[in-house]
Each structure stands twice: as structure tokens, then as C-alpha cells.
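Comments concern the structure below.
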Amino acid sequence: MVKEFYQEYEVFSRRRSDLSLEHRFSILAPNLEMAYVLAKENFFRREQIHDLWVVKRSDIRKMTEEEREAFKRLDNKHYRETKGYADLPSKWRKLEAMNTGGEVQ
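Take the sequence shown: its letter number 53 is residue 40 in the numbering used here, and every next letter is one higher.
This is the structure:
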């Protein structure tokens, strides 16, 4: 009975207008208005906030396992990472040696 009466809500807040929203916590409440009041009164009485968002967890869409796997395959963007530049001088020496027929130093 308790599980049916209460719903899970996610609470987000922003401390200043120029900052992004941050997830703060989850809360159990019978409805959206009560979740908002509980979040405001119990958790943000002492903390200055600019904005408060309360969202029913079931209204948030998350990735499925299949979508997560697809992202792993599509996220092959190693060419954007800068770690390949650390060894660039030796790679240039190898390339020059290959083109001139010389030895790699």
C-alpha cells in the first residue's frame, strides 16, 4: 500500500542563474506539489538557491542497455583526443626516415 501511495521524485537545483542545474537528491512523496514543498522546506531552508526543479522519476527517460551499447560503438572518437600529440616528434622522425630510407633515431 505504501509503495502505491508514494512516488519517487528527483530534485534539481541551481544556486545562481549562471550555473547549471545539479541533481540534489531523490524524495518520496504522494504527489508533485508535496514533493516540491518537502524539498523546499526540509532541504533548502538553510541553503540559498536560485531555482528548484522537482520531476517525477517515471517521467525521466533513461537509456536502455541497447542504446548504451550503441553509444559505445559510435563513440570511437580517439582522433579528438590530444594524447596522440605527446609522441609527435618521434612519429615525425619515423616518417622522415621511412621517406628518406634512413634509420630512425
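The beta carbon of each residue, even a glycine, is placed where N, CA and C say it ideally should be.
Opposing strand residues paired with residue i [DSSP bridges]
i, result
"E(-3)", "S13 and V42"
Local Cβ density within 10 Å of residue i, reported as buried at 16 or more and exposed below that
i, result
"S4", "exposed"
"S0", "buried"
"A84", "exposed"
"R14", "The residue you asked about is not Arg; residue 14 is Ile in the sequence shown. Classification for I14: buried."
"A57", "exposed"
Rounded separation between residue i and residue j - CA only
i, j, result
"E34", "K43", "23 Å"
"A26", "M50", "26 Å"
"W40", "E53", "29 Å"
"L6", "V(-2)", "16 Å"
"P17", "A73", "56 Å"
"H10", "R2", "12 Å"
"R55", "R48", "13 Å"
"D46", "V24", "19 Å"
"Y(-7)", "N29", "17 Å"
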